[in-house]
């Protein structure tokens, strides 16, 4: 019997589309509900207590409404702060998105890597632990940028993003001690892969970028292996607050038949 339960993707905005894309390729038949917490956007400038309270409560409501077979928290900030609490509260598989420090360290030849995320993500003990476990022999340069999140959202709305604004946003990382040896950067915010071309220009040749998208897709495929899928309604994008101008057209291009308020 075919199963119409969706996979639910959750982010503060639309950065989670960078995680959704490889997952769609891995399980193209899966119905999708994408939730953007636009009423709480952006998470990266909020304190930990607010995120730790907001995310589990909101995902509890969403689980009741949409009865997903699996939830992907497509947000590094929410995952590094609230993943354990969400898993404790909900009796369904929860896949988090955490900084891709392990693959970054594996790729680095200079043993100097960057972790580029939001301020709330890069300061987390969760990131300390990942760096200690997987990049102990690396010089790890962290930088948090709220500006890049805003720029990624603007790009998805169809606005032009000036390369100079991206260069300015990452300038503190490039000016850090040892940054001349930087050869690999973990994009620790799901918004940032959406600025891949602009970031490549800002960092210049010789720097490789990695993110959690491919790993998340493999994990979702593993967790749903052998399950049946039925798409009885169009995939839907849900917003807790305002739907930004221009986003409905972008979401339609990503396969969403409708955008609705929560």
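In the UniProt record's numbering, the protein residues as written are 1 to 262. Even glycine gets a Cβ: it sits at the ideal position worked out from N, Cα and C. Note that the structure is a prediction, hence the values are computed from the model and not measured.
Leaving out five residues before and five after residue i in sequence, what residues of the same chain have Cβ atoms less than 7 Å from its Cβ?
i           : result
residue 214 : 22
residue 107 : 184, 208, 210
residue 117 : 76, 99, 144, 188, 189
residue 154 : 161
residue 229 : 2, 3, 29, 30, 31
residue 27  : 220, 221, 224
Report all residues from its chain with a CB closer than 8 Å to the CB of residue i; omit the five preceding and five following residues, and keep chain order.
i           : result
residue 95  : 70, 71, 72, 73, 216, 219, 220, 223
residue 42  : 12, 13, 118, 146, 149, 150
residue 255 : 24, 32, 235
residue 63  : 8, 71, 90, 92
Sort out for me which residues DSSP pairs residue i with in a bridge.
i           : result
residue 142 : 115
residue 36  : 11, 239
residue 268 : Only positions 1 to 262 of the chain appear in this structure, which leaves residue 268 out of reach.
residue 258 : 236
Between the beta-carbon of residue i and the beta-carbon of residue j, is there less than 8 Å?
i           : j           : result
residue 121 : residue 182 : no
residue 135 : residue 105 : yes
residue 166 : residue 194 : no
residue 78  : residue 55  : yes
residue 240 : residue 40  : yes
residue 67  : residue 115 : no
residue 19  : residue 212 : yes
residue 139 : residue 15  : no
residue 246 : residue 157 : yes
residue 196 : residue 34  : no
Give me the residue from the options with the minimum Cα distance to residue i.
i           : options            : result
residue 261 : 254, 18, 248       : 248
residue 52  : 15, 68, 124, 200   : 124
residue 59  : 48, 178, 148, 83   : 83
residue 110 : 87, 29, 141        : 141
residue 198 : 164, 38, 238       : 164
residue 38  : 127, 258, 132, 244 : 244
residue 271 : 36, 86, 6          : A query on residue 271 cannot be resolved here, the shown segment of the chain reaching from 1 to 262 and no further.
residue 132 : 159, 102, 176      : 102
residue 252 : 17, 10, 5          : 17
residue 204 : 5, 226, 174        : 174
Looking only at its chain, what residues have a beta carbon closer than 6 Å to the beta carbon of residue i, apart from the 5 residues adjacent to it on each side?
i           : result
residue 231 : 31
residue 81  : 48, 51, 52
residue 202 : 166, 167, 170
residue 126 : 80
residue 65  : none
Please specify which runs of the alpha helix (DSSP H), each continuous and at least 4 residues long, are wholly inside the stretch 166–253, giving them in chain order.
-> Segments of the alpha helix (DSSP H) lying fully in the stretch 166–253: 196–203, 213–223, 247–253.
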